[in-house]
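The listed protein sequences derive, respectively, from chains A and B. The opening residue of the first sequence carries number 1 in my numbering; numbering runs sequentially from there. The opening residue of the second sequence carries number 1 in my numbering; numbering runs sequentially from there. Here a beta-carbon is modelled for each residue, glycine too, at the ideal position from N, C-alpha and C.
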Amino acid sequence: NAGVTQTPKFRVLKTGQSMTLLCAQDMNHEYMYWYRQDPGMGLRLIHYSVGEGTTAKGEVPDGYNVSRLKKQNFLLGLESAAPSQTSVYFCASRPDRGPEKLFFGSGTQLSVL
Amino acid sequence: KNEVEQSPQNLTAQEGEFITINCSYSVGISALHWLQQHPGGGIVSLFMLSSGKKKHGRLIATINIQEKHSSLHITASHPRDSAVYICAVIEWGNQFYFGTGTSLTVIP
């Protein structure tokens, strides 16, 4: 039982390049989230999903897209990376019933030059 | 607008000291989490509580729903407790809000 797995752990992009971050969970959770963490700020919600095939915008969605084609996977895409997207990205998941406990991935450090 | 405020932002303690980190929030919540983040590491949930008090080893978390306030206490602090501690609340309607974290350093 691996929990929540994020790939890659580190990435450096040039401005304008694209990439996809993958989040996979093996706990059969309905809810999945993508957050970014920046110095001096709390975790901010980018996009989230309440189930397979559904996505919704969070607090800071601009410049990002997501897809949840399979229940266990939640992908975060950057179509044209900008330096302002340099951040640490965390994926999280939780079940739709029972304790409202979040399970986090180990994070992705992204630098956009 | 910050729905969750933590204090202090930074804290340095000598090994063995009793530590308190505070969290205040402004929204109605169904539960509150205390999270721990080690340098370069992921985030793990220490406690989830909706009332009263919980204890796990040297860590104690309390919450006062009427005052919208929670505290995380660490008794007999140890250098391995050095981490960032984050308060997070779950608003009715399932939105999570996070504090900016308290960076704790425990010196041997």
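Could you tell me whether the region 9-17 of chain A touches the region 64-75 of chain A, where touching means 3 or more Cβ pairs closer than 8 Å? no
With 7 Å set as the bound, which would you pick, yes or no: does the beta-carbon of residue 156(B) sit closer than that to a beta-carbon of chain A? Any question about residue 156(B) goes unanswered here, given that chain B covers just 1 to 108.
When Cβ atoms are compared, which residues of the region 95-113 of chain A fall closer than 8 Å to chain B? 99, 100, 101, 102, 103, 104, 105, 106, 107
Return the chain-ordered ranges of every beta strand (DSSP E) run that is complete within the region 43-85 of chain B and spans a minimum of 3 residues. Unbroken beta strand (DSSP E) runs of no fewer than 3 residues, entirely contained in the region 43-85 of chain B, are found at 43-49, 52-56, 59-64, 69-74, following chain order.
CB-CB length for residue 21(A) against residue 89(A), believed under 8 Å: 6 Å
I'd like the span of the beta strand (DSSP E) that includes residue 77(A), first residue to last. Residue 77(A) -> beta strand (DSSP E) spans 73-78.
Three-state secondary structure assigned by DSSP to residue 26(B): coil
Return the CA-CA distance between residue 5(A) and residue 94(A), expressed in angstroms with no decimal places. 14 Å
Residues bridged to residue 14(B) [DSSP beta-bridge criterion]: 107(B)
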